[in-house]
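Participant: Here it is: the structure, laid out below.
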Amino acid sequence: MSDLPVFGICGYSGSGKTTLIEAMIPGLKARCLRVAVVKHDCHGLQIDCPGKDSDRFFNAGADVLSQGPGQAFFRIHGPQDRLSEMLPHLCRRYDLVLVEGHKTSPLPHKVWLLGDKETSPPREAGQLEHALARDADRLKIVSGWIQDHLAKIWRRVPLYAGILVGGKASRMGGSKHLNQFGGRTWMEQIVKTVAPFVSEVICAGKNRLPESLQGLPAIPDAPGVPGPLAGMLSAMRWNPWASWLFVACDMPAISEAALHWLLAEPRPGIWATLPRLEKGNGVEPLLAHYDFRSGALLEFCRCPADIVRWPQVATPVVPAELEKAWQNINTPEDLVALSSESRG
Numbered sequence: 092m093s094d095l096p097v098f099g100i101c102g103y104s105g106s107g108k109t110t111l112i113e114a115m116i117p118g119l120k121a122r123c124l125r126v127a128v129v130k131h132d133c134h135g136l137q138i139d140c141p142g143k144d145s146d147r148f149f150n151a152g153a154d155v156l157s158q159g160p161g162q163a164f165f166r167i168h169g170p171q172d173r174l175s176e177m178l179p180h181l182c183r184r185y186d187l188v189l190v191e192g193h194k195t196s197p198l199p200h201k202v203w204l205l206g207d208k209e210t211s212p213p214r215e216a217g218q219l220e221h222a223l224a225r226d227a228d229r230l231k232i233v234s235g236w237i238q239d240h241l242a243k244i245w246r247r248v249p250l251y252a253g254i255l256v257g258g259k260a261s262r263m264g265g266s267k268h269l270n271q272f273g274g275r276t277w278m279e280q281i282v283k284t285v286a287p288f289v290s291e292v293i294c295a296g297k298n299r300l301p302e303s304l305q306g307l308p309a310i311p312d313a314p315g316v317p318g319p320l321a322g323m324l325s326a327m328r329w330n331p332w333a334s335w336l337f338v339a340c341d342m343p344a345i346s347e348a349a350l351h352w353l354l355a356e357p358r359p360g361i362w363a364t365l366p367r368l369e370k371g372n373g374v375e376p377l378l379a380h381y382d383f384r385s386g387a388l389l390e391f392c393r394c395p396a397d398i399v400r401w402p403q404v405a406t407p408v409v410p411a412e413l414e415k416a417w418q419n420i421n422t423p424e425d426l427v428a429l430s431s432e433s434r435g
């Protein structure tokens, strides 16, 4: 729970919780953050009109999704202790979750708003990071507290590298990743370059690996999914709480400088970073960064580049001196040209 971007705004009724949250949301949205609010009401919820179709469906026992122009509401049955179950689910679809109320819930980050006659929070509130009287600049203090913690939480997400290994490449005379470049196989060269930047490297796609990489985790492609997306979805389903650097096995010119540039681009609110080449058409979905939240978006894509239709995706232009790192080697002629450039 301490690694989830969940922030509790707690206090007794009338202490100003709703007013503070309402005031914070525009500033968070202005930073392109997707925000969810969890509200607790100990008196029970009144969210539908008795006798309406949706209310009748719910009372008959069904969970109900109600939709209207520009909005939707999902009303579900469940016990009161579902908070610990729902928070991870929400954090896979939002940049941060604000929890209003839940005074005694063990939330990872929590502030207490003191009422007019309170001098200190109750003992049962547990560990708090701030206790703020009504005359404090609550908006400035809590907004700054959230911004600071959100950046720290975001940096704690582990980064994995998935090397996508395809099948036979007839134009290259066999499996691409086993071709040689700079005295190593392409696969060995890519792993050597990316390993210092990530927590773990995996092979996405079952294929024969060089002897030196026999211990590398190898994950089979997701069944029924075409192209590179099969390996990417398989990896993200295998570890849905890691962010991913996906690289094709035919990109042996990948460089540390290119990785430093790419990994400096993501920030809270950005769920995927797909670079663009200055003279290219479209985006580069490999040698690209995918926040763990982007897994839910990729499930709706026909190919990785489709993800650009969501606003949480950044498409920065690659500096000209780094473009070679995004070059795919598809023919012997490509390899000769790359080798000549490297010698030059």
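Read left to right, the sequence shown gives residues 92 to 435 (the working numbering).
Backbone N, C-alpha and C fix where the C-beta goes; we use that ideal spot for every residue, glycine too.
Among 112, 414, 183 and 291, whose alpha-carbon lies nearest the alpha-carbon of residue 378?
Facilitator: Comparing Cα positions, the closest option is 414.
Participant: To the nearest angstrom, how far is it from the Cα of residue 440 to the Cα of residue 225?
Facilitator: In the structure displayed, the chain extends from 92 to 435; residue 440 sits before or after that span and is not available.
Participant: Measure from the alpha carbon of residue 252 to the alpha carbon of each residue in 392, 345 and 153, then state which is nearest.
Facilitator: That would be 345, whose Cα lies nearest to the Cα of residue 252.
Participant: Given a threshold of 16 other Cβ atoms within 10 Å of its Cβ, counted over all protein chains shown, does residue 394 qualify as buried or as exposed?
Facilitator: It counts as exposed.
Participant: Is it the case that the region 294-305 contacts the region 367-378, given that we only count it when at least three CB pairs across the two stretches are under 8 Å?
Facilitator: No: fewer than three Cβ pairs fall under 8 Å.
Participant: Is it a yes or a no for the region 276-292 touching the region 309-328, going by three-plus beta-carbon pairs under 8 Å?
Facilitator: No: the two stretches stay apart, fewer than three of their Cβ pairs being nearer than 8 Å.
Participant: Of all the CB atoms in chain B, is at least one closer than 8 Å to the CB of residue 325?
Facilitator: The structure shown has no chain B; it contains just one protein chain.
Participant: Where residue 191 and residue 404 are concerned, what is the direct C-alpha to C-alpha distance, given to the nearest angstrom?
Facilitator: Those two C-alpha atoms are separated by around 29 Å.
Participant: Please report the residue range of the beta strand (DSSP E) in which residue 294 lies.
Facilitator: That run of the beta strand (DSSP E) goes 291-295.
Participant: Per the contact definition of three or more C-beta pairs closer than 8 Å, is the region 228-246 in contact with the region 318-325?
Facilitator: Output reads no: the region 228-246 does not touch the region 318-325.
Participant: If we ignore side chains and look at the alpha-carbon of each, how far apart do residue 156 and residue 168 end up?
Facilitator: Rounded to the nearest angstrom, the two C-alpha atoms are 12 Å apart.
Participant: Please state if the CB of residue 274 and the CB of residue 201 are separated by a distance shorter than 8 Å.
Facilitator: No.
Participant: Cutting at 8 Å between CB atoms, please list the residues of its own chain near residue 108, excluding the five before and the five after it.
Facilitator: The residues are 100, 101, 102, 191, 192 and 204.
Participant: Determine the closest residue to residue 222 out of 383, 106 and 391, with distance taken between C-alpha atoms.
Facilitator: Minimum Cα distance to residue 222 is reached at 106.
Participant: By the DSSP assignment, the alpha helix (DSSP H) with residue 282 in it spans what residues?
Facilitator: Residue 282 -> alpha helix (DSSP H) spans 277-285.
Participant: Based on the DSSP secondary-structure assignment, which residues constitute the bridge partners of residue 251?
Facilitator: According to DSSP, residue 251 bridges with 291 and 335.
Participant: Nearest CA to the CA of residue 333: which residue from 282, 351 and 246?
Facilitator: If we check each option's Cα against that of residue 333, 246 comes out closest.
Participant: What is the DSSP secondary structure of residue 191, counted as helix, strand or coil?
Facilitator: In this structure, residue 191 counts as strand in the three-state DSSP scheme.
Participant: For the alpha helix (DSSP H) containing residue 233, name the first residue and the last one.
Facilitator: From DSSP, the alpha helix (DSSP H) with residue 233 extends over 229-246.
Participant: Who does residue 98 pair with in a DSSP beta bridge?
Facilitator: In the DSSP output, where bridge partners are listed per residue, residue 98 has 189.
Participant: For the alpha helix (DSSP H) that contains residue 325, what are its first and last residues?
Facilitator: 319-329 is the span of the alpha helix (DSSP H), which, as asked, contains residue 325.
Participant: For the alpha helix (DSSP H) containing residue 119, list its first residue and its last residue.
Facilitator: 108-121 is the extent of the alpha helix (DSSP H) around residue 119.
Participant: Take residue 115 as the anchor and find which of 187, 366, 401 and 144 has the nearest alpha-carbon.
Facilitator: Of 187, 366, 401 and 144, the residue nearest in Cα terms is 187.
Participant: At what residue ranges does the region 150-227 contain a whole run of the beta strand (DSSP E), taking only runs of 3 or more?
Facilitator: Whole beta strand (DSSP E) segments, 3+ residues: 155-159, 162-166, 187-191, 201-204 and 221-223.
Participant: Could you pull the start and end residues of the alpha helix (DSSP H) that residue 351 belongs to?
Facilitator: Counting along the chain, the alpha helix (DSSP H) containing residue 351 begins and ends at 347-354.
Participant: Out of 164, 159 and 151, which one is the CA nearest neighbour of residue 127?
Facilitator: Comparing Cα positions, the closest option is 164.
Participant: For residue 415, which three-state DSSP category applies?
Facilitator: Helix.
Participant: Report the option in 348, 166, 384 and 387 whose CA atom is closest to the CA atom of residue 436.
Facilitator: Since the first residue of the chain shown is 92 and the last is 435, residue 436 is not available in this structure.
Participant: Classify residue 147 as helix, strand or coil using the three-state DSSP reduction.
Facilitator: Helix at residue 147.
Participant: Considering only DSSP beta bridges, list what residue 381 is partnered with.
Facilitator: BP columns for residue 381 point to 335 and 363.
Participant: Who are the Cβ neighbours of residue 387 in its own chain at under 7 Å, not counting the five residues just before and after it?
Facilitator: Closer than 7 Å at the Cβ level, and outside the excluded window around residue 387, lie 183 and 184.
Participant: For residue 355, is the classification buried or exposed, using 16 other Cβ atoms within 10 angstroms of its Cβ as the cut-off for buried?
Facilitator: With fewer than 16 other Cβ atoms within 10 Å, it is exposed.
Participant: Could you check the C-alpha separation between residue 70 and residue 181 for me, to the nearest Å?
Facilitator: This structure does not reach residue 70, given that the chain is present from 92 up to 435, and the question cannot be answered.
Participant: Can you tell me the Cα-Cα spacing of residue 152 and residue 406, whole angstroms?
Facilitator: One C-alpha to the other measures close to 45 Å.
Participant: Would residue 138 be called buried (16 or more neighbouring beta carbons within 10 Å of its own) or exposed?
Facilitator: Residue 138 is exposed by the Cβ-count criterion.
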